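With the numbering used here applied, the first sequence has no gaps in its numbers, which climb one by one up to 1703 at the end. Taking it in order: structure first as C-alpha cells, then the write-up.
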Amino acid sequence: MPHELPKAYDPTAIEDHWAEYWVKENLFAQPTPDQNGNLDGQSFTVLLPPPNVTGRLHMGHMLNQTEIDILIRWQRMSGRRALWVPGTDHAGIATQMMVERQVVSEGKTRQQLGREAFVQRVWEWKRHYGGAILGQMKRLGVSVDWSREYFTMDEHLSTAVREAFVKLYEQGLIYRDAYIVNWCPRCQTAISDLEVVYDEHKGHLWEIRYPVIGDDGKDTGEFLTVATTRPETMLGDTAVAIHPEDERYTHLHGKKLRLPLVNRAIPIILDEWVSREFGTGAVKVTPAHDPNDFALGQRHNLPSINVMDETAHIKIAPGAEGGVYAGLDRYEARKKIVHDLEAERLLAGIKDHVHNVGHCDRCKTVVEPRLSTQWFVKIQPLADKAIAAVKEGHIRFTPEMYRKTYLNWMENIYDWCISRQLWWGHRIPAWHCAVCHKITVARVDATACAHCGSDQITQETDVLDTWFSSGLLPVSVFGWPNVTADNRMDFDAFYPTSLLVTGFDILFFWVARMIMLGCWFSADIPMPDGSPRSLADSVPFREVYIHALVRDANREKMSKTKGNVIDPIEIVKQYGTDAVRFTLASMASPGTDIAFNVARTEGYRAFANKIWNAARFIFLNVDKAAEAGISVNPSALGGMPAVDTNASLEARWIVAELHATAAKVNQALENYRFDDAANTVYQFFWGSFCDWYLEIVKLRLDFSESADKAKTNAALTTLVSVFEAALRMLSPFTPFLTEELWHAVYDGNPPAKSIALTRYPQPSPTLQDEADLTNMRLLQDFVTGIRWLRKENGVEEKATVPVELRIDASLKHVSEENHEIIERLARVSEVRMVQTISAGLKKHSAPEFDIAVIYERTIDAAAERERLKKEIARLEKGLESADRQLNNPGFIGKAPAHVVEGLKKQREETQRLLDKLRSDLDSLPE
RNA sequence: GGGCGGUUAGCUCAGUUGGUUAGAGCGCCUGCCUUACAAGCAGGAGGUCGCAGGUUCGAGCCCUGCACUGCCCA
C-alpha cells in the first residue's frame, strides 16, 4: 500500500487524534503490582505538581510538563517501570475566592448562604468547571497514568490529612496559641509568611509627640517623639521602647507616657533591639499589630490590645477612650488620627519614607499583622529530619545551588501556621467543649468531649492550609495511612518517588513541606522485608530538579496586566505541540529563565516539517522499492542499526553518528540537560541525516533492472532502520509527529501500540569507527570546498564543472572510492587527480589536499591577495601561539601528553597550509 | 541589611574537573523554485568572553576588587 503524506506537515491534522488515542488506550497506566507481583526492575516515579483545580494552563505548566514528559517517556522507553501521577489541588483561598465572586454576582454573600451550602456550591463548581487544566494536559499529550488521577479533597486523601493532623497533635507537635499572624482583611483569614509578598511603597514616617507624665499622672511638659509608618496602630500601643544606651533619653528611664488621643498611661521600656538611627530612636510598641512589637511585648510582659476586627476596621467600644475611631477603616482611621494629632499639636513632622509593605499573595490586599488564635505545627523536629535528609545526600538538588537555598531556609524556619479562616478545605478535626473548654482531637468525628464527656461540643471552624494536604501527597497517593501487610504494593513499588520537577517559586511552599512530612510519616512504615525504614528510604523523592521561569521574548515576566501572557494552547494550535515542546526543551538550561520567543518555535516547526519531509522521501523510495520487488526486512527495525565492513561509507558513517548521538542524548537526559539533548538530536537529524546522508543515499536508490538488488536493499535497509531509530530517539521530545510517522513506517502493522512503548536507542561504542568518521569528514571538506570555489568563481548553480584534486597518497583512496559522492553533492562532472593544481586556478587548501574548480574565469588577483593575506595572518597567529607554548619548558613539562601531541600535530598542519598559501600568494600575478 | 545568581556574536543562549585557533539557533548579506522539504538548499560576514588586577606552562572557566543587573530572605 503506497504511503501518502501531504507535502507540508500539519500538526493539527494529527495531534488531537493521538492525544485521544493515548488516553483511550490507557497506554501509560502503571497498575498496582499484585500481591505476589514481581518488583524486580527499577521504578521511575514522578508526581505532577498538582495545578490548582481552578487553574488554566500557562507556560510555566507547559515547561514543567514538557520536562517531566521527556524524562518519563525516556525512562519508560529505557525499560523502567515508569509512573507519572496526575492530580489537582483544591487550592483553598483561590477556589473560595472564585466561587465567592460568583455568589456575589448573584447578589448574595457567602455568609448569607451559610457554610454548608457554600461548600456545596464549591463542590458543584468543581464538578462543572474544575479540572479544565486536566483537559488541556490531555491535549498536550502528557504521558501520565490517568487511572490514578487524584484531587486533594478526595476521601482517601482527606483521611490522610486527618491522620497526619491527629498524629502530630498526639505527638505534641500541633498546638493552638494566640500569636501575631499575617492577616488578610479581604480574605478574612490568617496566611502564612510565605503567602505574603512584599512590595516597595512610597509612604510616610509620622513623628508623634507622646507627653511624658510624672508620678502624679500629669503631663510634665516634656515629650518623647516616636516615629511610625502606621499611626492608626497607636490606639493599641502598650509601651514606647528606646535603646538602653541612647544618651538622648537616659533621663527618661523608668518614666511613663500619656498615649495621645487615648490618654492611657504607658511605660517607656529599654530594649537593645531598638535602632538608635531609625526615626527618632524611640519606637511605639503595639504588640497586637506588629510582629516585632509582639516579640518586644513577650520580652517585657506587655499587654496586647487588639484594636482592629477581621476586616481591618477599628474595634473599640464607642464609649471607651479612642472610641471616636470605632468602625473606621484602617486608612480612614489613619487620616483622622493624623488630623486629630495635628489639632492637638502632637504631630512633630511628616517625612517621606519608602518601605516594604506586605500584600496577600492571592488578592494583593495589604496584609495587617494581627494577634489571633491559630493552629501551629511545631516544626523543628520535622525540619531536623528534613535537613539531615539533604545533608546526608538522600535528596539531591539540580541545579545544586538550590540545596543551599533550601538548607538556609530550613535552618531558620518558624513554626508553621496551618489554620485558615476559610470554608473550603480540610476542616480541622478538633472539637471545643462548651463545658470544660478543653479540646478534643479525633480521627473520627467526635460526639462527646474526651475530657468531660459532655456532648456540648462544636467542631473547630478553621480549615487547614492547602499545602498541608499537598505536602502529604508523596505518601498519601500511594495509600498512606492505610499501608498494611496486605495493602502495600503501591507503596513498596513507588515510594520513595524518583524525581520531583518543579519551579523554584514553590521550593518552600511545597518541596520543603513534602520533605518534612514525607520523612516524618513514612519512617513508621517498615520496608517490604520488615526491617525498619532508614532516613534514606523515608524521603519523598531522591532527586529534585528545579526549573526557572518562562518569560516573554523581552525577558519580562508574563502578567495579565502587562498583557504579555502567551497562552500555551493558542501557541500549540498555531505551531503544533511538538514545536512548542522542542522550544521549551532546547531553551531549558538549568538555572536560567526562559525568554520564550516564537521565532524559535517557528524554527522548530520547520524542524518538524523537515522530519515530515524526510519521511515522505523515504516512503516514496520504499514504495518504489516495493514495485521493484525490494523490501526491508522488519527484523532490521526496532533495535539499533548496524552495518558490516563492506557497507558504503555513508552507511557506516550515519550508523556511527546515530550511535554517538544516542550516547550523547542519554547522557544529557541523565543530567537534566534538556537543552543539550534537544540540540543534539536536532543537529543529528537535520545536520547529519538530512543534509548529508539523505543526499548521498539518493545515489544508491537505483531500482532499475540493471541495478545490483543486494546493494540497493542494503542501502534501503540502512536508510529505513536509521530513520526508525531516529524517530524513537526523537519521540520523547516530539511525541505526536514521531508517533504518526512511526506507525507509517510499519504501514499499519506496528509491533506495539505506540512508539512510546518501544525501546529507546542504546548506543554501542563498537559501532563508532574513527576511520569512517574522519574519511567522511574529508569528503565533506571536498564538497564544501568545491561549493565555495564555485561561488567564488561565479559558476552558475546548475552547471556541472570538472575539478582538480591534489591529495596525500595515503588518502587518495577516499576520493577515488567516493568520487560519485563528490560529483553528486558538489555538481562536479569529473574529479581529476593531479600532482599539482594547474597554475591560475583558485584553490581551496587544507593541510592534506588542495582542490580547484576548472572554470574559465580570470582570478581577481587583488581580491585573492586580500583573502590570502587575511588567511595567512590568521594562521600565523595560530602558529605563533602554538610555538610560544611548545617552546615553553613549563608547558612541555607539565601539560598532559595528549595536549602536547595534539598541539604539535596542529602546529604541523598549520605550517603545511601556511607554506602553501604563502607560495600561492607569491605566484599571484601583479 | 543578609544570601544566591548573571554579564560570551545584532538577539536568545551553550561552553562539561583550566588544555590545541570559543559554538548553536534566530537575525543579517549573496546566489538558487536542484523531482523529500522555499517551513527549503548552498555560500558568507559577525566575538579584545562586563572592567581592573592576581594565580598558572596555559584562564571564557580559578582568586580578589569594581561596575551593571536579576532573584530570594529579613
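All C-beta atoms, glycine included, are put in the ideal place defined by N, C-alpha and C. Bear in mind that the values here come from a model prediction, so they are computed numbers and not experimental data.
Review point. Between which two residues does the beta strand (DSSP E) containing GLY1380 stretch?
Key: It is not in any beta strand (DSSP E) - GLY1380 instead sits in the alpha helix (DSSP H) that spans 1375 to 1404.
**Study point:** Local conformation of ALA1166 per DSSP, three classes
**Key:** DSSP places ALA1166 in helix when its eight states are reduced to three.
Check your understanding: Below 9 Å between beta carbons: does that hold for ARG1197 and PRO1206?
Key -> no
Review point. Would you call the CB atoms of PRO1512 and ASP1355 closer than 9 Å?
Key: yes
Review point. Between GLY907, TRP1193, GLU1685, which lies nearest to LEU1153 when the distance is taken from Cα to Cα?
Key: In the sequence on display, residue 1153 carries Phe and not Leu. Closest option to PHE1153, Cα to Cα, is TRP1193.
Review point. Is it a yes or a no for the region 979 to 997 touching the region 1207 to 1219, going by three-plus beta-carbon pairs under 8 Å?
Key: no
Point to revise | ALA1300 - containing alpha helix (DSSP H), residue span | key: No alpha helix (DSSP H) contains ALA1300, which DSSP labels as neither H nor E.
Practice item. Within 10 angstroms of the Cβ of MET914, are there 16 or more other Cβ atoms? Answer buried if so, exposed if not. Key: It counts as buried.
Point to revise | Per DSSP, the bridge partner or partners of GLY864 | key: TYR927
Check your understanding: Does DSSP classify CYS1229 as helix, strand or coil?
Key -> Coil at CYS1229, not helix or strand.
Check your understanding: Counting along the chain, where does the alpha helix (DSSP H) carrying LEU1698 start and finish?
Key -> Run containing LEU1698: 1674 to 1700, per the alpha helix (DSSP H) assignment.
Review point. For ARG1382, which residues from the same chain have a beta carbon less than 7 Å from its beta carbon, with the 5 sequence-adjacent residues on both sides left out?
Key: TYR1352, GLY1353, ALA1356
Practice item. Pull up the distance between the alpha-carbon of THR1515 and that of THR1535, whole angstroms please. Key: 12 Å
**Study point:** For ILE1082, three-class secondary structure by DSSP
**Key:** coil
Exercise for review: Just list the beta strand (DSSP E) runs in the region 985 to 1023, keeping only unbroken ones of 3 residues or longer that don't cross its boundaries, in chain order.
Suggested key: 996 to 1005, 1016 to 1019
Review point. Taking the DSSP output, what are the residues bridged to MET1610?
Key: LEU1582
Check your understanding: Mind pulling the alpha helix (DSSP H) runs of 4 or more residues that sit fully within the region 885 to 956?
Key -> 887 to 890, 892 to 906, 909 to 917, 932 to 947
Point to revise | Cα-Cα separation between GLY1307 and LEU1159, rounded to whole angstroms | key: 24 Å
Exercise for review: Identify the continuous beta strand (DSSP E) that holds TYR1322 and give its terminal residues.
Suggested key: 1318 to 1324
Exercise for review: Work out the CA separation of VAL876 and GLU883 for me, nearest whole Å.
Suggested key: Between the C-alpha atoms of GLU883 and VAL876 there is a straight-line separation of about 11 Å.
Check your understanding: Grouping DSSP H, G and I as helix and E and B as strand, with all else coil, what is GLY980?
Key -> In the structure shown, GLY980 sits in a strand (DSSP, three-state: E or B).
Check your understanding: Around the Cβ of ILE1026, are there at least 16 other Cβ atoms within 10 angstroms (buried) or fewer (exposed)?
Key -> A quick correction: the sequence has Tyr, not Ile, at residue 1026. Classification for TYR1026: buried.
Exercise for review: Could you tell me the distance, in whole angstroms, from the CA atom of ARG1477 to the CA atom of LYS1486?
Suggested key: 10 Å
Check your understanding: Excluding sequence positions up to five away, which residues of its chain have a Cβ less than 6 Å from the Cβ of LEU1414?
Key -> Hits under 6 Å: SER1498, GLU1501.
Practice item. Determine the contact status of PRO1064 and LEU1079, defining contact as a CB-CB distance below 9 Å. Key: yes
Exercise for review: Could you check which residue in GLU1625, ASP1138, LEU1471, SER1366 has the C-alpha nearest to that of LEU1588?
Suggested key: GLU1625
Check your understanding: Which residues in the same chain have their Cβ closer than 8 Å to the Cβ of TRP795, if we skip the five residues on either side of it in sequence?
Key -> GLY918, PRO1512, PHE1513, GLU1516, GLU1517
**Study point:** Distance, VAL1321 Cα to VAL1062 Cα
**Key:** 43 Å
Point to revise | Boundaries of the alpha helix (DSSP H) in which ALA1503 is found, first to last residue | key: 1486 to 1507
Point to revise | Between the CA atoms of ALA1110 and ARG1173 - distance to the nearest angstrom | key: 52 Å
Review point. Just checking, does the region 1542 to 1551 make contact with the region 1597 to 1605 on the three C-beta pairs under 8 Å criterion?
Key: no
Point to revise | CA-to-CA distance, ALA1533 to CYS1296, given in whole angstroms | key: 34 Å
Review point. Of all the beta strand (DSSP E) runs that stay within the bounds of the region 1616 to 1650, which reach a length of 3 or more residues?
Key: 1620 to 1623, 1626 to 1630
**Study point:** Option nearest ARG1567 by Cα separation, candidates ARG850, ASN1490, GLU1633, LYS1141
**Key:** GLU1633
**Study point:** Sequence-distant residues of the same chain with beta carbon closer than 8 Å to ARG1642, five excluded per side
**Key:** Leaving aside the five residues that flank ARG1642 on each side, the residues in its chain whose CB is nearer than 8 Å to its CB run, in chain order, LEU1698, LEU1701.
Exercise for review: Compare the C-alpha of TRP1208 against each of LYS1112, VAL1144, CYS1229, VAL1218 and name the closest.
Suggested key: Ranking the options by Cα distance to TRP1208, first place goes to VAL1218.
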